[in-house]
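Residue numbers (this note's numbering), protein chains in the order written: chain C, 31 to 271; chain H, 1451 to 1802; chain A, 2 to 195; chain F, 864 to 1112. Comments concern the structure below.
What follows is the structure, encoded as structure tokens:
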């Protein structure tokens, strides 16, 4: 075939220029500022918006709606195309983790033959997207009036290059290797989700989990307050004596 | 206070919630249906450290390992624990290094849950579980020390070895993750990657020369390749190496991947229940004990340098015995009696 | 009166010794916990232990349960069953409808073998029925009309007029005076609007 | 194909066999406990595993139900590492779908399906290592697995391939011989009644030679039968010995 002289042929392979952009070495302020609000979407049964540092998560819940079989928690967690640079993590896997973390918190047996749909969107990812999505999802479920044992609160942690443990890490810090993500039911003191990756020697993993749990306990009252506010807004006070 | 029962049920012996998610515990795609009475029976036994097949809570079933089973592969292994049967083939193919790590080769995992294991896996039925297992495998290898990827590099930025680690699930009898991780380790141990010589002529064109001699090959250092230990929470205790029946009784389990030095490389909670933090710490601690069982059972996989050439594996390792279940050169290994193995091995583990 | 306390799931409300758990709560370790976000209401039934429950006025997460009376619309019929859409549970309108099935043998209590679906229901009828089973993975909610109070309450004739019941098995069109067969419900007096 | 001599002047093939000689067959029945029937077979370097489930209730949509006989459901898959070049997917590609269909046709002809109306029999075969004659090895493995499951058949189904190179019909082709591109024929035979369950031929072969090739394949199938029959009898003896022990105790 004659070479096409009219067009400039690009190289056979190409890569995203983002790969070569040096990461800015930002250090997260600890603790990162949190903003939480429940019940902001009118179309969904329940909804919540959660912001921590630069990470922003929106979550909506629909249901319960009729579905054959036993009650299911249909979870979907997505990252918006503009949420971060570089590749995004697989939504399928993240949805499963979200589902696993929430299942222990929701009283599914109260909803036979029904389906609850949880849909979370990470608008901006600056680290801790998944744990924040768990917290947002449990806020949204509670806002929808779904019966739950407790709010599932997510917390993240990463180990810096010097070995120091950093709660609520930024995305740049998450890339450094060792991370822990945890979801806690604080009132019952139960762990409903746990993922550790990277190398953890000796008892460092235990220490990290404990630190992560402390972080969750700190976030818990914030979520409770925002939920109380949303409930007061949404539901009129009963007039009974 | 004792650890709270997993899954928060007020009734002490009710181990299942009547209406819960359609997805059973993660590895229990091929799950069995158990009646309430059977569950209570298993649960009561476990409270007394006695399981249905006579094991204690922290005992493995007999682990059978056979290496070098498929001659078309770079390395292969078949591992059988109880009724769980897994075949792993490693194929080394030439590829281009990933951009992020130009000086390293890389590893690709694929898990085929074949219909052999259970008819539910027919067609695309096993894909979901397969991807999930593959994701866990990626995660446990996602660190610098598990495998020396630099040794897989042939020419930085241009050529490297890609290790395709393909897992084939032949039979599914509980404890998939552990079995698969042992099989992956055994297959990597067995892998013989041909040595490559790069010849460069005057114009800078490169040519590769693969060694024909099967003994002139590169072996991988698998000392730090982690093994997965899945601990299932049943009642107030945890068990290792759960059978399908036991998995059906467990609402939550923790998957810990651990190297021979006791370093955790990945940890995950599986299943729909929740766990007491104390019990998680207990499980993390328990890995040392399990590790000693493993070390005793399969020292060759942990200590590189033994049985380095083809055919010697079986003779060098005293714990392997021959069995003729599948083939004549089958290696069979029994980790019992555990206490004896642990005793004799504490010496060996200190040597590592 | 002090404003009612607002609570969120997981909040510990009180000891089991002080109150009995009501709607929207669960018990653990001898305490009552909230499982809904809403207002805590303590109801004192004379002399009995007060019942603690959580109230959400907007609540409508009702799901059909066995034994509950539902109002539904017939969507399609065939020789063996009628398919319906559940629209009300008791007197609460549902946000999303649920699908149900009324099998031929569940239409009336007596002479079940003589029942024919098309002589009992027609698509578009509004039927009061009772849930008898949640059904399994493949099937819908199973409903029954085998009681005097259950059956068709609103039906339209071919002429389009709302028909008037004339017996337990017939309805008549006020325009054309044509009689059509239905499994008619005897609507309880308290529900009738006059 | 130049260079490679598939049949030497002395009449020996690449791997040292005579023209009508089979590769070494090793078979084992009942390898898995959970399946209703299972078998593992090695024909030279080709290794296959077959598992049978059933007869059981129809799975999935009921519309598949046949009212007068059982549905035979097959799946042929190849391990991704079984071939020289790594395969991307174990099943679902065009070739394995075709193989699946062939297996189904073969066993519908052999199993007494009318004994189990409204039910289903699953046959899953897996090639662990491929070195020619994949279809035939699978049929042989599946036959053993069905016998192990105790499902009645008209007869054993024995399959063997045959080729035609340098005017000589060759039995049981290996991968090298298959890759040479000559005509090849796969025959699945019910050996006692000499009935053909499946016959497939690729590539071009003069009509005059067909009979000779067929004869070679038929003879090879009967040889396979002898080996399989031996394996079944040995297995039966093992099992009955075990039962006997239990009976005494």
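A virtual CB, placed ideally from N, CA and C, is assigned to each residue, including glycine.
Judged by pairs of C-beta atoms under 8 Å, the stretch 865 to 879 of chain F does not touch the stretch 946 to 956 of chain F, as fewer than three such pairs exist. Residues of the stretch 1005 to 1032 of chain F with a C-beta atom less than 7 Å from some C-beta of chain H do not occur.
For residue 141/C, there is no enclosing beta strand (DSSP E), since its DSSP letter is neither H nor E.
Residue contact check for residue 943/F against chain H: a CB pair falls below 8 Å.
In the structure shown, the three-state DSSP call for residue 1016/F is strand. For the 8 Å CB-CB criterion, residue 1623/H and residue 1539/H do not form a contact.
With a threshold of 8 Å between beta carbons, residue 220/C makes contact with chain H. For residue 158/C, the three-state secondary structure derived from DSSP is coil. Contact with chain C is absent for residue 160/A, since none of that chain's Cβ atoms lies less than 8 Å from the residue's Cβ.
Exclusion of the five residues before and after residue 891/F leaves 903 as the residues of its chain whose Cβ lies within less than 6 Å of its Cβ. In terms of Cα proximity to residue 1011/F, the closest of 877/F, 989/F, 946/F and 1099/F is 1099/F. Closer than 8 Å to the CB of residue 1628/H there is not a single CB belonging to chain C. Bounds of the alpha helix (DSSP H) holding residue 1637/H are 1626 to 1640. For a Cβ distance threshold of 7 Å, residue set 226 and 227 of chain C lies close to residue 1716/H, ordered along the chain.
Contact residues of the stretch 82 to 104 of chain A toward chain C are 87, 96, 97, 98, 99 and 100 (C-beta to C-beta distance below 9 Å). Between the beta-carbon of residue 182/C and that of residue 213/C there is about 5 Å, and that keeps the pair under the 8 Å contact cut.
Looking only at 1689/H, 1673/H, 1642/H and 1657/H, the smallest Cα-Cα distance to residue 1663/H is reached by 1642/H. Contact note: residue 1724/H reaches chain C through 134, 135, 215, 218, 220, 221 and 222, using a C-beta cutoff of 8 Å and chain order. Of the candidates 1666/H, 1714/H, 1486/H and 1634/H, the residue whose Cα lies closest to the Cα of residue 1526/H is 1634/H. Neighbours of residue 1625/H in chain C, taken as residues at a C-beta separation under 8 Å, are lacking, since the least C-beta distance is about 19 Å. In the DSSP assignment, residue 76/C falls within the beta strand (DSSP E) that extends over 76 to 82. Shortest Cα-Cα distance from residue 121/A to any of 104/A, 174/A, 24/A and 131/A involves 104/A.
By DSSP's assignment, residue 1065/F forms a beta bridge with 1047/F. By the criterion of at least three beta-carbon pairs nearer than 8 Å, the stretch 1058 to 1069 of chain F is in contact with the stretch 960 to 970 of chain F.
The straight-line gap separating the alpha-carbon atoms of residue 1073/F and residue 1088/F is approximately 22 Å. Under the Cβ distance rule, residue 154/A does not count among the residues neighbouring chain C, no pair being separated by less than 8 Å.
Counting the other CB atoms within 10 Å of its CB gives residue 1744/H a total of 16 or more, which places it among the buried residues. Selection 1550/H, 1528/H, 1510/H and 1499/H evaluated against residue 47/C yields 1550/H as nearest (Cα-Cα).
Excluding sequence positions up to five before and after residue 1006/F, its CB lies within less than 6 Å of the CB of 1019 and 1020, all in the same chain and listed in chain order. Listed in chain order, the positions of the stretch 1628 to 1658 of chain H with a beta carbon within less than 7 Å of a beta carbon of chain C would be empty, since no residue qualifies. Burial of residue 245/C is indicated by the presence of at least 16 other C-beta atoms within 10 angstroms of its C-beta. Sequence-distant partners of residue 994/F (beyond 5 residues in either direction) whose C-beta falls short of 7 Å from its own C-beta, in its chain, are 907, 908, 909, 1037 and 1038.
Within chain A, no C-beta atom comes less than 8 Å from the C-beta of residue 107/C; the nearest is roughly 21 Å away. Counting along the chain, the unbroken beta strand (DSSP E) around residue 1688/H starts and ends at 1687 to 1690. Contact of residue 1713/H with chain C by beta-carbon distance below 7 Å involves 229, 230 and 231. Among the residues facing chain C, residue 19/A is not included, as its CB has no counterpart in that chain under 8 Å away.
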